[in-house]
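Here numbering that gives the first Met the number 0 is used: the first residue of the first sequence is 0, the next is one more, and so on.
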Amino acid sequence: MLQITNVIRIFNLLETTYGPQGWWPLVDYRGSNPTKTGSVQGYHPGDYSLPKTTNQMYEICLGSLLTQSVGWPSVEKALTNLKKLNAINPRTILSMDENVLKEAIKPVGYFNQKTRKVKEFTKFFVGLNGRTPTRDELLSIWGVGKETADSMLLYAFKVPTFVVDAYTRRIFSHIGLIDEKDEYDEIKALFEENITPDLETYQEYHALIVEHAKRFYSKQADRKLCPLYKKFAKGGRKRKG
DNA sequence: AACCAGGACGTGA
DNA sequence: TCACGTCATGGT
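#1: Tell whether a beta-carbon distance below 8 Å holds between Y42 and G18.
#2: Tell me where the alpha helix (DSSP H) around E119 begins and ends.
#3: Measuring only from the beta carbon, is I174 closer than 7 Å to any heavy atom that is part of the ligand HEM?
#4: Between which residues of its own chain and T133 is the CB-CB distance below 6 Å, once the five residues before and five after are set aside?
#5: Since V163 contacts E146 with CB under 8 Å, what's their CB separation in whole angstroms?
#6: Exposed or buried, what is E58 when buried is set at 16 or more other beta-carbons lying within 10 Å of its beta-carbon?
#7: Thinking just about the alpha-carbon of each residue, which of T160, I3, G45, L13 is nearest to the one in P196?
#8: Just to confirm before moving on: does the CB-CB distance between Y216 and W23 stay below 8 Å?
#9: Which residue's Cα is closest to the Cα of E75: W141, K180, A148, V107?
#10: Under the rule that 16 or more other beta-carbon atoms within 10 Å means buried, what is D149, buried or exposed?
#11: Using the beta-carbon count (16 or more within 10 Å), is Q202 buried or exposed?
#12: According to DSSP, is Q202 helix, strand or coil?
#13: For A220 and S94, what's the separation of their Cα atoms in angstroms?
#14: So for W23, helix, strand or coil by DSSP?
#15: May I ask you to report which of helix, strand or coil DSSP gives G62?
#16: With distances taken between CB atoms, is the gap from L78 to L61 smaller than 8 Å?
#17: Which residues in the same chain as G235 place their Cβ atom closer than 7 Å to its Cβ, once the five residues preceding and following it in sequence are excluded?
Next comes the structure, spelled out in structure tokens:
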């Protein structure tokens, strides 16, 4: 029996409302369809062929480390700094002076920790030799937690695995599909059980969640204005999607 | 001018 | 396991 669950209905609604998001952004990308506007550039809506090169994969991994607990505009500054140094490639990062690296990524804050994270991840990345890592391998790296590992897999390595972030928690606990303190892997499973693995869908869903949350789920926003809340939260808490 | 941002880790109960 | 504290800059 084919059943359309709320997890799927919500994806369809977000997709219709906001359109394709074009994640993961690449700072230098100037494609034929850069429809995102504003200061934050680099998105490529409708183009799922990226990343095309090893250095683009690496840039996405760097971005997922640098964006931890920080807004994307700050990450873009850091990546732009690195770009000017011709440093968005593993060899340059590994040979680069620590203080130069710290200075370049300063806009994202936590630069002592993040410098270490970048260095340690980069050693691992080189050791891959083009191979796709497992989730457990990524999680064994200092500074790579579940969200970061899943982001790297989904957007850099093109593995259809679902990414859960703070916004996912906020939206779906508000609606009542999950509990706010459910474990990361439990929430991830809810999405993966309701949507058969598909790279483009998983990439878009996470990106759409972020887009939607920025509008209705920032800390001071009124969540009751969220149209999803009106539509899906009426019956109280429902499980299984 | 506080407050928060697309987390992860270390610590003590 | 759980609940905090820490890390640090920059944008509303």
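Don't be surprised by glycine CBs; every beta carbon is placed ideally from N, CA and C.
Taking the structure as given:
#1: no
#2: 110-127
#3: Absent from the structure shown: the ligand HEM. Ligands present: none.
#4: Scanning its chain for C-beta atoms nearer than 6 Å, with the 5 sequence neighbours on each side dropped, one finds no residue around T133.
#5: 6 Å
#6: Classification of E58: buried, given that the 10 Å Cβ count is 16 or more.
#7: Measuring from the Cα of P196, the nearest candidate turns out to be T160.
#8: No, the pair does not count as a contact, with Cβ atoms beyond the cut-off.
#9: V107
#10: buried
#11: With 16 or more other CB atoms across the displayed protein chains lying within 10 angstroms of its CB, Q202 is buried.
#12: helix
#13: 44 Å
#14: It is coil, neither helix nor strand.
#15: helix
#16: yes
#17: Model confidence at G235 stands at a pLDDT of 49, short of 50, so the residue's coordinates are unreliable and nothing is read from them.
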